[in-house]
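Taken in order, these protein sequences are the chains called C and W.
To convert, take the position in the first sequence, counting from 1, and add 45; that gives my numbering.
To convert, take the position in the second sequence, counting from 1, and add 45; that gives my numbering.
There are 2 protein chains.
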Amino acid sequence: MSAPTSSSVGKSDLASRLRQIGEERYHHRHPFHLRMHEGQLTRGQLQAWVLNRYYYQSRIPIKDAAILARCEDADLRRAWRKRIIDHDGDGDAAKPGGIVKWLRLVEATGLKREQALTGEGVLPATRFAVDAYVHLVSEKSLLEAIASSLTEMFSGSLITLRVDRLRQHYPWLSGGLAYFEGRLTQAPEDANFALDWVTKHAGTPAEQHLACNALRAKCDILWAQLDALYFAYVEPGWPPPGAFRPVDHGKS
Amino acid sequence: MSAPTSSSVGKSDLASRLRQIGEERYHHRHPFHLRMHEGQLTRGQLQAWVLNRYYYQSRIPIKDAAILARCEDADLRRAWRKRIIDHDGDGDAAKPGGIVKWLRLVEATGLKREQALTGEGVLPATRFAVDAYVHLVSEKSLLEAIASSLTEMFSGSLITLRVDRLRQHYPWLSGGLAYFEGRLTQAPEDANFALDWVTKHAGTPAEQHLACNALRAKCDILWAQLDALYFAYVEPGWPPPGAFRPVDHGKS
């Protein structure tokens with residue numbers, strides 16, 4: 046792609062703009078997460094979270110395969126396939142991938158893994174937001190597809206805080222936290238690679254604008270999932286027809 | 046498609062099952078509509094509704110064109126193209142199509158039509174749900190695409206009630222209601238045609254199951270849009286980053 050022009054910003058400026066978007070829009074600020082970290086969620090609310098978030102997890106390797114399917118560059122494909130391997134594992138029960146680890150978190154909340162696998166009761170709004178992510182990486186430019194992954198630049202500190210607070214406030218979940226421990230090393234590696242790629246390939250102001258908008262769109266996708274959870278299970282607490290209803294619904 | 050088998054239900058039974066789904070899941074029961082019809086919405090909340098619903102309106106002819114693009118049968122195409130004409134009109138200002146009429150409703154609330162046209166401030170959750178509708182009709186079977194339009198079976202009585210209550214509770218909106226008046230004759234014609242087509246082409250239990258699920262999915266799409274509006278603008282009243290903020294937000 047084009048070299049930076051006089052009106053484009055340099056690599057480090059673009060990285061700063063992307064970080065600023067995360068500061069303003071990443072879901073570390075969402076009230077559902079704030080309640081989670083303050084220990085204010087009920088078991089049923091945490092069940093709703095892991096069940097809905099499983100739908101997101103289940104689409105991550107599909108999203109990454111859609112990106113892989115669009116890469117002409119074998120170097121990029123080789124680097125990106127790591128993400129699919131991280132999530133799907135290699136079938137060795139001793140070294141589970143991210144999806145199997147998330148199913149353990151599902152079980153730690155007291156739900157059956159089959160409920161997550163079948164997707165029964167997942168909020169339609171979760172599906173709409175997550176499917177929008179798969180469509181974004183399939184239909185927009187490769188630059189936008191890769192830039193949309195940059196929320197991982199911000200996930201490290203959120204996950205560190207989350208693991209700490211989940212252990213503190215919900216000790217009965219402690220056996221299910223392996224997913225997050227894995228992500229603490231995987232996410233920064235992935236984010237560094239993607240940030241380097243984006244800053245190299247977004248040389249013009251128009252490309253930088255696309256990259257920033259793709260990151261905003263991804264933040265919207267994450268935020269909308271928590272809005273839907275909050276509406277259905279916290280306040281006003283109205284799950285839509287057909288959605289999961291926790292046994293302790295209403296208590297907090 | 047296949048003729049009914051011993052375990053399939055007849056035409057009138059399928060129509061009853063579809064009506065039952067509407068009774069349980071159509072958005073006439075949604076608390077946002079209940080508040081609207083009771084006169085409890087502020088002007089700002091109505092602005093948020095017309096702005097977000099404009100995004101839905103703007104995608105209807107695109108959705109219908111996606112269906113048209115998949116029809117092998119010229120009779121079906123001729124019947125279905127009416128919907129595109131109803132929404133887009135023929136450019137004659139004296140006989141505006143549904144989209145232009147909706148823009149008049151936007152203006153009647155005090156918003157500028159440009160805000161709807163640019164989509165600035167539309168909730169991401171609205172886009173995700175509406176785009177899911179376009180993807181449904183593009184990617185699922187033609188039977189499911191057409192069955193997903195059957196929410197129009199239920200729109201007549203909702204629109205009749207709505208026009209009456211909007212006039213009663215929000216008289217300043219009265220100049221903007223032409224959209225609904227047009228739909229009172231268009232929607233039943235469209236629904237009758239689609240119901241007849243679906244009952245003719247869903248002969249097997251598997252096909253009838255697909256048709257029912259497509260109607261459920263469409264109800265989910267409508268419901269999720271109102272959930273997002275309620276969450277952002279009624280209770281708790283937290284618009285996501287970048288979303289429209291009414292001037293009277295918080296008053297009711």
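The beta carbon of each residue, even a glycine, is placed where N, CA and C say it ideally should be.
**Request:** Measuring alpha carbon to alpha carbon, tell me which of C:Pro-76, C:Asp-118, C:Arg-80 ends up nearest Pro-285 (chain W).
**Result:** C:Pro-76
**Message:** What does the alpha-carbon distance come out to for the pair Pro-291 (chain C) and Leu-156 (chain C)?
**Reply:** 10 Å
**Prompt:** Pro-285 (chain W) CB to nearest chain C CB: under 7 Å?
**Reply:** Cβ-Cβ to chain C under 7 Å: yes for Pro-285 (chain W).
**Request:** Assign Gly-142 (chain W) to one of two classes, buried (16 or more other C-beta atoms within 10 Å of its C-beta) or exposed (fewer than that).
**Result:** buried
**Asked** For Pro-281 (chain W), does the count of other Cβ atoms within 10 angstroms reach 16, so buried, or fall short, so exposed?
**Response** Its Cβ having fewer than 16 others within 10 Å, Pro-281 (chain W) is exposed.
**Prompt:** Would you say Glu-280 (chain C) faces chain W, with C-beta separation under 7 Å as the test?
**Reply:** yes
**Request:** Give the interface partners of Pro-291 (chain C) over in chain W, defined as CB-CB distance under 7 Å, in chain order.
**Result:** None at all; the shortest Cβ gap to chain W is about 17 Å.
**Request:** Could you tell me the distance, in whole angstroms, from the CA atom of Leu-181 (chain W) to the CA atom of Gln-213 (chain C)?
**Result:** Approximately 43 Å, taken between the alpha carbons.
**Request:** For chain W, find out if any of its Cβ atoms is closer than 7 Å to the Cβ of Gly-295 (chain C); answer yes or no.
**Result:** Per-residue confidence for Gly-295 (chain C) stands at a pLDDT of 45, beneath the threshold of 50, marking its modelled position as unreliable; the derived number appears in the next sentence. Judged by the 7 Å Cβ criterion, Gly-295 (chain C) is not in contact with chain W.
**Message:** Once DSSP output is grouped into helix, strand and coil, what is the label at Glu-280 (chain C)?
**Reply:** coil
**Request:** To the nearest angstrom, report how far apart Arg-123 (chain C) and Arg-62 (chain C) are at their CA atoms.
**Result:** Those two C-alpha atoms are separated by around 28 Å.
**Item:** Ser-194 (chain W) versus Asp-118 (chain C): straight-line alpha-carbon distance, rounded
**Value:** Each residue's alpha carbon lies about 42 Å from the other.
**Request:** Measure the C-alpha to C-alpha separation of Pro-169 (chain C) and Thr-163 (chain W) and round it to an integer number of angstroms.
**Result:** 26 Å
**Message:** Determine, for Trp-217 (chain C), whether the minimum Cβ-Cβ distance to residues of chain W falls below 7 Å.
**Reply:** no
**Under 9 Å from the C-beta of Asp-176 (chain W): neighbouring residues of chain C** = Phe-173, Asp-176, Ala-177, His-180
**Prompt:** Which residues in chain W sit within 9 Å of Pro-76 (chain C), going by Cβ to Cβ distance?
**Reply:** Neighbours of Pro-76 (chain C) in chain W, taken as residues at a C-beta separation under 9 Å, are given in chain order as Pro-281, Trp-283.
**Message:** I want to know whether the segment 122 to 137 of chain W touches the segment 195 to 208 of chain W - three or more CB-CB distances under 8 Å.
**Reply:** no
**Bounding residues of the alpha helix (DSSP H) (the contiguous stretch that carries Gln-85 (chain W))** = Neither: Gln-85 (chain W) is in no alpha helix (DSSP H) and is coded neither H nor E.
**Request:** For Thr-154 (chain W), name the three-state secondary structure that DSSP assigns.
**Result:** In the structure shown, Thr-154 (chain W) sits in coil (DSSP, three-state: anything other than H, G, I, E or B).
**Message:** Taking 8 Å as the limit between beta carbons, can you name the residues of its chain near Ala-232 (chain C), skipping five residues before and five after?
**Reply:** Excluding positions up to five away in sequence, the list reads Glu-197, Ser-200, Gly-201, Ile-204.
**Message:** In this structure, how does DSSP classify Cys-116 (chain W) when only helix, strand and coil are distinguished?
**Reply:** coil
**Request:** Kindly indicate if chain W contains any beta-carbon less than 7 Å away from that of Asp-272 (chain C).
**Result:** yes
**Message:** Just to confirm the assignment, what range does the alpha helix (DSSP H) spanning Gly-178 (chain C) have?
**Reply:** With the sequence shown as reference, residue 178 (chain C) is identified as Tyr, and Gly is not the correct amino acid for it. Residues 169 to 184.
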